[in-house]
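For reference, each letter of the sequence shown is one residue, going -22 to -1, 1 to 341 in mature numbering (1 follows the signal peptide of the UniProt record, and there is no 0).
Don't be surprised by glycine CBs; every beta carbon is placed ideally from N, CA and C.
All remarks here apply to the structure that follows.
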Amino acid sequence: MAHVRVIFISSLLFLLFSAVAAGLTFDDSNPIKLVSDSLHGFEASVVKVIGDTRHALSFARFAHRYGKSYENEKELKMRFAIFSENLDLIRSINKKGLPYTLALNDFADLTWQEFQKHRLGAAQNCSATTKGNHKLSGDVLPERKDWREEGIVSPVKDQGNCGSCWTFSTTGALEAAYHQAFGKGISLSEQQLVDCAGAFNNFGCDGGLPSQAFEYIRYNGGLETEEAYPYTAHDGTCKFSSENVGVRVLDSVNITLGAEDELKHAVAFVRPVSVAFEVASDFRFYKDGVYTSTICGKTPMDVNHAVLAVGYGVKNDVPYWLIKNSWGDDWGDNGYFRMEMGKNMCGKFQTLHLDNVKQMHIT
């Protein structure tokens, strides 16, 4: 009987989405009511399995919104228990009056260990940038910077269940540099880096570093476009073709380990910069505000996630970095987050590379 109920839930979910689609296609007289009725029906079905317990309706709405499906009743109950723990965590942190807030998202039915496996790379030794070569100038820094306003930042992407954040940090920096130099956008191949950059101490879906990705691109002779070498979110065999190269990089610029003044100068006057830091367990549920943490590490060995710094500013008297993530635009603040500036927060900026657009060209 339990098996039948779970099958019914999965089938109902499919039928509900089909009904909504049909209603919209055939101009149902009240599509809003149709969606509402579908949700209520789904909620009732989930409650039949897990009981009318605390968080049951919240879990049903979460599963409905994100199109979740589970193999059997045992897994559904397990995911509900995980969801409940995560919801309690979110609510407890939001009560502390911190400068940021958390919210439920697609990751709410995953344990922290599962999230680390699917979305983060293994911790990397990022001590290679102890001494940087970015040149500071005497120019007065603007109070705020947001490269999105100048139109050179490419759309937010989603790395999926693959620890390939380092590839998205790399392509994000190169896409911005390309747009800045040539006046038009480009989407570059993360999958090529996943499949082909292993000789440069990168590990595909198990992690890597933007600095080592830049070195691979430099010595390989370029990076293909996304269209030519599309993303699969899985490790694969290298299929590089020089005929499809979109950009070439001849050099990159290091920013000194932990030197936020150098980073701020680079972000202010040059372009978006690849950065890396350690993700703490609550960060996966970030929604808005300026993220800060007392539990994340601050050493070169703690880094487990690479992203793209696209600006900086001040919010409610807290200085922050504006950063583009690679977990889709439904995560955080439309795919972005703000992190407190001035404290080398979470080991941020332990490994930073800035590609030099003057030494980069269309092929």
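Going by C-alpha distance, which of the options is nearest residue i?
i: residue 61; options: 40, 253 and 147; result: 40
i: residue 90; options: 77, 78, 297 and 65; result: 65
i: residue 218; options: 235, 207 and 261; result: 207
i: residue 199; options: 171, 303 and 257; result: 171
i: residue 130; options: 237, 249, 297 and 301; result: 249
i: residue 128; options: 48, 245 and 99; result: 245
i: residue 42; options: 82, 31, 78 and 76; result: 82
i: residue 87; options: 29, 57, 260 and 223; result: 57
i: residue 99; options: 310, 68, 140 and 120; result: 140
i: residue 149; options: 258, 252 and 317; result: 252
i: residue 257; options: 124, 193, 317 and 225; result: 317
i: residue 263; options: 233, 309 and 152; result: 309
i: residue 214; options: 183, 232 and 230; result: 183
i: residue 76; options: 133, 260 and 28; result: 260
i: residue 63; options: 186, 50, 37 and 74; result: 37
i: residue 225; options: 55, 319 and 159; result: 159
i: residue 54; options: 27, 307, 132 and 80; result: 27
i: residue 154; options: 286, 306 and 143; result: 286
i: residue 193; options: 145, 123 and 254; result: 145
i: residue 240; options: 204, 319, 49 and 271; result: 319
i: residue 191; options: 242, 307 and 142; result: 142
i: residue 195; options: 233, 210, 209 and 151; result: 151
How many angstroms separate the CA atom of residue i from the CA atom of residue j?
i: residue 156; j: residue 35; result: 47 Å
i: residue 165; j: residue 268; result: 29 Å
i: residue 300; j: residue 72; result: 21 Å
i: residue 52; j: residue 296; result: 45 Å
i: residue 94; j: residue 181; result: 15 Å
i: residue 21; j: residue 33; result: 11 Å
i: residue 361; j: residue 147; result: Look at the range of the chain in this structure, -22 to 341, and you will see that residue 361 is not part of it.
i: residue 314; j: residue 266; result: 9 Å
i: residue 288; j: residue 302; result: 7 Å
i: residue 321; j: residue 168; result: 31 Å
i: residue 96; j: residue 116; result: 43 Å
i: residue 31; j: residue 25; result: 8 Å
i: residue 298; j: residue 175; result: 32 Å
i: residue 78; j: residue 290; result: 16 Å
i: residue 312; j: residue 179; result: 32 Å
i: residue 235; j: residue 202; result: 30 Å
i: residue 293; j: residue 284; result: 23 Å
i: residue 84; j: residue 134; result: 16 Å
i: residue 280; j: residue 120; result: 31 Å
i: residue 125; j: residue 238; result: 18 Å
i: residue 222; j: residue 173; result: 16 Å
i: residue 59; j: residue 185; result: 29 Å
i: residue 68; j: residue 306; result: 20 Å
i: residue 211; j: residue 74; result: 37 Å
i: residue 231; j: residue 242; result: 14 Å
i: residue 254; j: residue 271; result: 15 Å
i: residue 23; j: residue 233; result: 54 Å
i: residue 216; j: residue 209; result: 12 Å
Exposed or buried, which one is residue i when buried takes at least 16 other CB atoms within 10 Å?
i: residue 273; result: exposed
i: residue 247; result: exposed
i: residue 118; result: exposed
i: residue 228; result: exposed
i: residue 197; result: exposed
i: residue 177; result: exposed
i: residue 70; result: exposed
i: residue 45; result: exposed
i: residue 188; result: buried
i: residue 47; result: exposed
i: residue 282; result: buried
i: residue 29; result: exposed
i: residue 92; result: exposed
i: residue 49; result: exposed
i: residue 304; result: buried
i: residue 162; result: exposed
i: residue 204; result: buried
i: residue 220; result: exposed
i: residue 80; result: buried
Who does residue i pair with in a DSSP beta bridge?
i: residue 305; result: 136
i: residue 117; result: Looking at the DSSP assignment, residue 117 forms no beta bridge with any residue, so it has no partner.
i: residue 298; result: 291 and 318
i: residue 254; result: 284
i: residue 46; result: Its beta-bridge partners do not exist; DSSP assigns none.
i: residue 123; result: 290
i: residue 311; result: 314
i: residue 166; result: 203
Of all the CB atoms in chain B, is at least one closer than 7 Å to the CB of residue i?
i: residue 72; result: As a matter of chain content, chain B is missing from the structure shown, which is built from one protein chain.
Can residue i be considered in contact with the ligand NAD, in the sense that its beta carbon sits closer than 6 Å to one or more heavy atoms?
i: residue 126; result: The ligand NAD is not part of the structure shown, which contains no ligands of any sort.
**Prompt:** Which parts of the segment 194 to 242 are runs of the beta strand (DSSP E), unbroken and 3 residues or longer, counting only runs that do not cross its ends?
**Reply:** 223 to 227 and 230 to 232
**Request:** With a floor of 4 residues, list each alpha helix (DSSP H) that falls wholly inside the segment 48 to 82, ordered by position along the chain.
**Result:** 51 to 72
**Prompt:** Quick one: complete alpha helix (DSSP H) runs, 4+ long, within the segment 258 to 288?
**Reply:** none
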